[in-house]
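Residue numbers are given in the UniProt record's numbering: position 202 of the sequence shown equals residue 202, and the series is strictly consecutive.
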Amino acid sequence: MVNPNKKVKRPDGLGKIYKYKTDENENILTLPISELLKENYIYIYRAINKENFYIVPDDSCFFFKEIIYENEVVGFATYRPSNINESSLVMQYIYILPDYRGKDLLVEEIDEAASLFESSILIEYPSRAIVDVLIKHKLARVFNNRFVISRIPFIIPMVSLSDANSKVVREEFDMTDKKGYSKLSLVYDLDLCAVVGLASSDIENMYTEDVTEDDDLNNYNTMSLPLRVDNEKFNCIEKRENESMIQDETYFKKVREIVDSQDEIIQNWLTIL
Numbered sequence: 001m002v003n004p005n006k007k008v009k010r011p012d013g014l015g016k017i018y019k020y021k022t023d024e025n026e027n028i029l030t031l032p033i034s035e036l037l038k039e040n041y042i043y044i045y046r047a048i049n050k051e052n053f054y055i056v057p058d059d060s061c062f063f064f065k066e067i068i069y070e071n072e073v074v075g076f077a078t079y080r081p082s083n084i085n086e087s088s089l090v091m092q093y094i095y096i097l098p099d100y101r102g103k104d105l106l107v108e109e110i111d112e113a114a115s116l117f118e119s120s121i122l123i124e125y126p127s128r129a130i131v132d133v134l135i136k137h138k139l140a141r142v143f144n145n146r147f148v149i150s151r152i153p154f155i156i157p158m159v160s161l162s163d164a165n166s167k168v169v170r171e172e173f174d175m176t177d178k179k180g181y182s183k184l185s186l187v188y189d190l191d192l193c194a195v196v197g198l199a200s201s202d203i204e205n206m207y208t209e210d211v212t213e214d215d216d217l218n219n220y221n222t223m224s225l226p227l228r229v230d231n232e233k234f235n236c237i238e239k240r241e242n243e244s245m246i247q248d249e250t251y252f253k254k255v256r257e258i259v260d261s262q263d264e265i266i267q268n269w270l271t272i273l
């Protein structure tokens with residue numbers, strides 16, 4: 001009997017990549033993430049369930065990539081095309097077994113995927129832990145002891161500020177009736193554990209469900225929903241509820257002021273390889 005806790009070996013140190021397929025009608029057949037894990041990496045599947053690592057029900061990917069450490073599969077990352085930037089891939093999920101965290105595998109994965117797929121990488125719904133790793137490796141920088149500018153863009157679904165502060169975590173939020181628009185951002189709020197999507201010019205523009213594709217989606221403020229893991233570790237739902245800048249409706253204006261006041265430093269830093 002195969003030991004379900006035994007890790008998959010890759011003697012050559014090269015991780016396997018699963019790729020989407022096409023049928024006879026050129027329809028794209030994506031990879032069901034949870035099913036793939038359950039069938040091929042039961043030890044990882046059990047680990048993500050134990051940690052309540054969230055994968056959207058029935059979610060799928062275009063690429064499933066193994067993460068290797070000392071010739072063993074110790075995690076995975078999944079990718080899909082971006083609907084905003086054709087030259088980018090979205091890292092939907094990245095999971096590394098607990099015993100192998102802190103070994104720079106996230107940063108290695110971003111570099112490796114960018115080179116392998118010849119695409120820039122966008123991170124979907126980064127957790128605070130992911131942002132902390134980016135800061136540690138100088139891929140992100142903190143300003144005013146709170147607001148992060150990242151070299152790696154983040155991508156989030158656009159929701160209203162009231163939705164982002166509705167005390168419902170992403171894992172339980174019903175996106176059924178939402179329009180599915182996305183926004184790119186380099187800004188992250190460490191206190192609120194939130195990706196902050198700033199309006200491109202009209203700083204008072206707040207995203208609502210009344211916005212349509214005919215509008216300039218870049219020109220609306222939005223904020224990511226809280227993640228369960230971040231709320232458990234950092235109590236970010238309560239912090240959002242008590243944030244005075246949200247209460248007095250000045251939050252996005254003040255974040256914009258902070259970012260603009262550091263613009264020269266930020267632009268110089270972003271251009272340094």
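Glycine included, each C-beta is placed from N, C-alpha and C at the ideal position. Just so you know, these numbers come straight off a predicted model, no measurement behind them.
In terms of residue numbering, what span does the beta strand (DSSP E) encompassing residue 200 cover? Per DSSP, residue 200 lies in no beta strand (DSSP E) segment and is marked neither H nor E.
Ordered along the chain, which non-local residues of its own chain (more than five positions away) have a Cβ less than 6 Å from that of residue 21? 29
Hey, out of 12, 267, 8, whose CA is closest to residue 141's CA? 267
8 Å contact criterion, which residue 121 and residue 113 should meet: CB distance rounded: Contact holds; Cβ gap of about 6 Å.
Leaving out five residues before and five after residue 251 in sequence, what residues of the same chain have Cβ atoms less than 6 Å from its Cβ? Cβ within range, chain order: 245.
Taking Cβ to Cβ, would you say residue 217 is nearer than 8 Å to residue 188? no
Could you pull the start and end residues of the alpha helix (DSSP H) that residue 232 belongs to? 228-234
Please say whether residue 198 and residue 148 have beta carbons closer to each other than 8 Å? Cβ atoms of residue 148 and residue 198: not closer than 8 Å.
Would residue 139 pass as a contact of residue 90 if the rule is Cβ separation under 8 Å? no
Can you tell me whether residue 60 is buried or exposed, with buried defined as 16 or more other CB within 10 angstroms of its CB? buried
Given residue 34 as reference, the closest of 190, 49, 258 once Cα atoms are compared: 49
Pull up the distance between the alpha-carbon of residue 221 and that of residue 164, whole angstroms please. 12 Å
Does the separation of the CB atoms of residue 64 and residue 100 fall below 8 Å? No, these two residues do not count as a Cβ contact at 8 Å.
For residue 169 versus residue 227, is the C-beta distance shorter than 8 Å? Cβ distance < 8 Å, so residue 169 and residue 227 count as in contact.
Taking the Cβ atom as the reference point for each residue, do residue 71 and residue 6 lie within a distance shorter than 8 Å? no
Just to confirm, are residue 193 and residue 234 a CB contact at a threshold of 8 Å? yes
Residues of its chain near residue 205, where Cβ-Cβ distance is below 7 Å and the 5 sequence neighbours each way are ignored: 199, 219, 220, 221
Would you grab the beta carbon distance between residue 55 and residue 77 for me? Rounded to a whole angstrom, and I think it's under 8 Å. The pair is not a contact, with the Cβ atoms about 12 Å apart (cut-off 8 Å).
Counting C-beta neighbours from all protein chains within 10 Å, is the total for residue 23 16 or more, i.e. buried, or is it exposed? exposed
Could you check whether residue 160 and residue 207 sit closer than 8 Å to each other, using their CB atoms as the reference points? yes
Where residue 174 and residue 150 are concerned, what is the direct C-alpha to C-alpha distance, given to the nearest angstrom? For residue 174 and residue 150, the distance between alpha carbons rounds to 28 Å.
Member of 32, 40, 26, 25 whose CA lies at the smallest distance from the CA of residue 16: 40
CB residue 96 to CB residue 75, shorter than 8 Å? yes
For residue 221, the three-state DSSP class (helix, strand or coil): strand
Determine the contact status of residue 32 and residue 12, defining contact as a CB-CB distance below 8 Å. no
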